[in-house]
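Read left to right, the sequence shown gives residues 690 to 871 (this note's numbering).
All residues carry an ideal CB built from backbone N, CA and C; glycine is no exception.
Notes follow the structure.
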Amino acid sequence: MTNIQKQSRRVRILLQFLLILTPILVCAFWLTIETSYDFLAQLGIFLSGDELKTYTQLPLTMTSRILAMVVSLLLSGVFMYALKVLIRIFRNYENRVIFSLDNAICYHRLGYCIFYWALGSIVYHSLMSVILSFNNPPGSRVLTVTFGDMDFLTLVFGCIVLIISWVMKEGYLLAEENSHTI
Numbered sequence: 690m691t692n693i694q695k696q697s698r699r700v701r702i703l704l705q706f707l708l709i710l711t712p713i714l715v716c717a718f719w720l721t722i723e724t725s726y727d728f729l730a731q732l733g734i735f736l737s738g739d740e741l742k743t744y745t746q747l748p749l750t751m752t753s754r755i756l757a758m759v760v761s762l763l764l765s766g767v768f769m770y771a772l773k774v775l776i777r778i779f780r781n782y783e784n785r786v787i788f789s790l791d792n793a794i795c796y797h798r799l800g801y802c803i804f805y806w807a808l809g810s811i812v813y814h815s816l817m818s819v820i821l822s823f824n825n826p827p828g829s830r831v832l833t834v835t836f837g838d839m840d841f842l843t844l845v846f847g848c849i850v851l852i853i854s855w856v857m858k859e860g861y862l863l864a865e866e867n868s869h870t871i
């Protein structure tokens, strides 16, 4: 097994672990935040409940927790799909399939995942501001819509990945055309 295959196998296994762990951690976060079982914030894995206080003045109700968990899982779904695409890419690398049409298609999908992440992040933060401030008294409820530097940078990275996928596809088509030339 070559070094590329070994490293690709390790990365693929790590990505598969993250794919399984992501929804578990999201659910654990929203079910335990601001409780005595809030081990994720105590370990520093997730933000502490202090940052929630910018939106809410009251303890979170179970309805708010469940709604926040659903919205977080929707955004995590984009991340999990990107992990699935990356797992496919590294499985191809592990099988010594490097410059292929399948990898070009995977990079294309990954580029769109990055776009969906940026757009989903804007929607996510808006929905979370409403969900977390919903139990506040009238006049203290919040709706925030933000587009920050990181959102712009994410869109730029999405464009770069899409260009890379386009170059890979063109390279594959040229190599395929050359293989049929006598």
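**Supposed close pair Val774, Leu799 - CB separation, criterion 8 Å** = About 5 Å; that satisfies the 8 Å criterion.
**Message:** Judging by CA-CA distance, which residue of Leu790, Ile852, Phe836 and Ile794 is the nearest neighbour of Tyr861?
**Reply:** Leu790
**Request:** Using beta-carbon positions only, say whether Tyr796 and Ile755 come within less than 8 Å of one another.
**Result:** no
**Val786 (DSSP reduced to helix, strand or coil)** = Three-state result, Val786: coil.
**Asked** Can you tell me the Cα-Cα spacing of Val911 and Leu703, whole angstroms?
**Response** Lying outside 690 to 871, the shown extent of the chain, residue 911 is not represented and no answer is given.
**Request:** Alpha carbon to alpha carbon, how far is Met769 from Thr750? Give it in angstroms, no decimals.
**Result:** 27 Å
**Request:** On a CA-only basis, which of Gln694, Trp806 and Ile776 is nearest Lys762? Give me that one, please.
**Result:** In the sequence on display, residue 762 carries Leu and not Lys. Minimum Cα distance to Leu762 is reached at Trp806.
**Request:** Locate the alpha helix (DSSP H) running through Val700, then write down its first and last residues.
**Result:** Note, Val700: alpha helix (DSSP H), Asn692 to Thr721.
**Burial state of Thr745 (16 or more Cβ within 10 Å)** = buried
**Prompt:** If you run the structure through DSSP and keep just helix, strand and coil, what is Thr833?
**Reply:** coil
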